[in-house]
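Visitor: Read left to right, the sequence shown gives residues 8 to 166 (the numbering used here). Got a structure for you, questions after.
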Amino acid sequence: MTPFSRRAALGLLLAGAIAPRARAQEISAGSLRIAAPWTRAAGAGATGAGFMAIRNTGAEPDRLVAARTTAARVVELHTHIREGDVMRMRPVAAIELPAGREVRLQPGGLHLMLIGLAAPLRQGERVPLTLVFERAGEAQVELAVQAAGARGHGGGHGH
Ligand SMILES: [Cu+2]
């Protein structure tokens, strides 16, 4: 191999190494891994819900303390509680993310509540959303809009 072709070959090798990779399904924020964020189709002015799985791969606990999106007037953190035979939603100040654990935001459980939608959420669209964590800081995700009655992969039970 001539010096020139060797250099050219090395150049190709380096180019391959730094080529952009396909965008990962999972979003990282510090030691947090956020997977499969989604929401349901909903009308303007209505209320939407946000779901995802958040895995804390670190040694320290973290907390989801807030979320915001231009798509809604306000985003609340909600859980479900049982009152007699009825499941009701209740705002919580934070969602705990214990070290080494995965927490699922899913129908019938913890979720984000998108209150006062600025525009309809249409199936197939993506809704940009900012998550604010106590330790890991902020993370940008996109909620994939599924059908209005979608239950997600985890099943779960209704309100
Ligand atoms: Cu709710």
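Virtual Cβ for every residue (Gly too), placed ideally from N, Cα, C. Every value quoted in this text rests on a predicted model; they were computed, and no experiment measured them.
1. S35 by DSSP, collapsed to three states: which one?
2. So is R95 buried or exposed if we call it buried at 16+ other beta carbons inside 10 Å?
3. Between the Cα of E83 and those of R62, T137, A51 and S38, spot the shortest distance and give me the residue it belongs to.
4. Let me check one thing: in DSSP terms, what residues is Q147 bridge-paired to?
5. Identify which residue in R40, L104, I61 and T54 has its Cα closest to the Cα of T76.
6. What do you reckon, are the CB atoms on L121 and R70 nearer than 8 Å?
7. Bridge partners for P105 per DSSP, in chain order?
Guide: Let's see:
1. Here residue 35 corresponds to residue number 28 of the sequence shown, with the count starting at 1. Strand at S35.
2. Within the sequence shown, residue 95 is the residue found at index 88, counting from 1. Answer is exposed; the Cβ neighbour count stays below 16.
3. In the sequence shown, the residue the question calls residue 83 occupies position 76. Minimum Cα distance to E83 is reached at T137.
4. In the sequence shown, the residue the question calls residue 147 occupies position 140. T137.
5. Taking the sequence shown and counting its residues from 1, one reaches residue 76 at position 69. Of the listed residues, the one whose Cα sits closest to T76 is T54.
6. Translated into positions along the sequence shown, residue 121 becomes position 114. Translated into positions along the sequence shown, residue 70 becomes position 63. No; because the gap between Cβ atoms is not below 8 Å, this pair is not in contact.
7. Position 98 of the sequence shown holds residue 105. Answer by DSSP bridge pairing: none, since P105 is not bridged.
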